[in-house]
Amino acid sequence: MHTLIVVAHPDKNSFTHAVAAEINKAITTSADHSVEMADLVAEHFDPRYELADHTLFTRRTPVPADVIAEQQRIDRAEALVLVYPVYWWSFPGILKGWIDRVFTNGWAYDDNAQGKVVKKLGRLKVHLVAIGGADLRTYARHGYFGAMKTQIDHGIFDYVGANVVTSELLLVPEAGFPASQLAVAQRIGNNIATAKQSPAEDDACQTPPEPAPVSAIAYHEKHDFPS
Ligand SMILES: Cc1cc2nc3c(=O)[nH]c(=O)nc-3n(C[C@H](O)[C@H](O)[C@H](O)COP(=O)(O)O)c2cc1C
1 MHTLIVVAHP
11 DKNSFTHAVA
21 AEINKAITTS
31 ADHSVEMADL
41 VAEHFDPRYE
51 LADHTLFTRR
61 TPVPADVIAE
71 QQRIDRAEAL
81 VLVYPVYWWS
91 FPGILKGWID
101 RVFTNGWAYD
111 DNAQGKVVKK
121 LGRLKVHLVA
131 IGGADLRTYA
141 RHGYFGAMKT
151 QIDHGIFDYV
161 GANVVTSELL
171 LVPEAGFPAS
181 QLAVAQRIGN
191 NIATAKQSPA
201 EDDACQTPPE
211 PAPVSAIAYH
221 EKHDFPS
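Position one of the sequence shown corresponds to residue 1 (the UniProt record's numbering), numbered consecutively onward.
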């Protein structure tokens, strides 16, 4: 099984990179698993959605070469892991731009002639790992993690039919690399390494999705954390 880990942070010494490395290490302890790391900042991925992207959206021009390269990386993978810091209660801009440009009409989904959306990434298992600097009480009081899940898990990945297996928020309100949070990263990697190989596409639509693990934040949001 092959996994693509996408990391969106400019500093290789950041906690975000440490989490991505921990997930990579846990996956690759299993001999039949391979990982490709996509470090969007180091690779200078261009997140600007420009005219060539828009004329592709309206199906007037071909897919730009840098977008094809990213789509091929995803095509090679059965699991996609996104590891990113929370910026303004959402993705960093570079990762949002990666989604805007790479998840194209025609590849990630198809707006067909009947006005229906055909979801095209049903084979993909997605693991979302957000890293935030605020504390749990702030997230719970404002429902920020729920808002992120609506936008990202549902708004993006459900739209293209991908199965969000993991959606975690790791909080690091203090400086440092908390061992408990790195243990969560290790668990995510282990889960990917021990997940069953995807069934054939015909069977895939009959297989019920694996339930996403409930994170501490989701628990507190459900249980009306006091403000
Ligand atoms: C531009 C910017 C916006 C941020 N916005 C948020 C935010 O909305 N919520 C939050 O919890 N942390 C926010 N943070 C804090 C980062 O999420 C935090 O620094 C990071 O996750 C810590 O891990 P790192 O060592 O990987 O940077 C923000 C940081 C920056 C630089």
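Even glycine gets a Cβ: it sits at the ideal position worked out from N, Cα and C.
Rounded Cβ spacing between residue i and residue j (contact assumed at less than 8 Å)
i	j	result
residue 258	V41	No information on residue 258 is available, as it lies outside the stretch 1 to 227 that the chain covers here.
V129	V83	5 Å
V63	K119	The Cβ separation is near 19 Å, so there is no contact.
A38	R73	6 Å
F57	N112	Contact flag wrong, Cβ pair sits at about 15 Å.
A147	W88	No, A147 and W88 are not in contact; Cβ-Cβ is about 11 Å, not under 8 Å.
A193	T29	7 Å
Selected residue, minimal CA-CA separation from residue i, among the options
i	options	result
K149	T29, T166, R141 and L136	T166
D66	D111, A52 and Y84	A52
G122	E174, A130 and V164	V164
S34	V81, S90 and P62	V81
Q71	H154, W98, Y144 and K196	W98
V19	A185, Y144 and F91	A185
A21	K196, R187 and A195	R187
E78	I131, L124 and L95	L124
A140	V117, K25, L169 and F45	L169
residue 229	P85, Y109, Q151 and H154	A question about residue 229 goes unanswered here, because the residues of the chain that appear run from 1 up to 227.
W107	A69, Y144, H2 and G93	A69
H44	N191, G93, D135 and K116	G93
D158	F145, V117, A26 and G143	V117
F103	G155, I27, H142 and A134	G155
M1	D32, E36 and Y109	D32
I152	E36, R59 and F91	F91
Residue environment, residue i, which counts as buried when at least 16 other CB atoms sit within 10 Å
i	result
D224	Because D224 carries a pLDDT of 34, less than 50, the predicted location of this residue cannot be relied on, and the following value inherits that uncertainty. It counts as exposed.
V7	buried
A175	exposed
Y49	exposed
T55	exposed
Q181	buried
P173	exposed
R137	exposed
L4	buried
G189	buried
R101	buried
K96	buried
Q114	exposed
N13	exposed
A162	buried
F177	exposed
A26	buried
Per DSSP, cross-strand counterpart(s) of residue i
i	result
Y87	S90
V63	The partner list for V63 (beta bridge, DSSP) is empty, contrary to what the question assumes.
Y109	N105 and K119
I131	P85 and L170
A193	In the DSSP output, where bridge partners are listed per residue, A193 has none listed.
S34	H2
V126	L80 and V164
V184	DSSP output for V184 lists no bridge partner at all.
V7	D39 and V83
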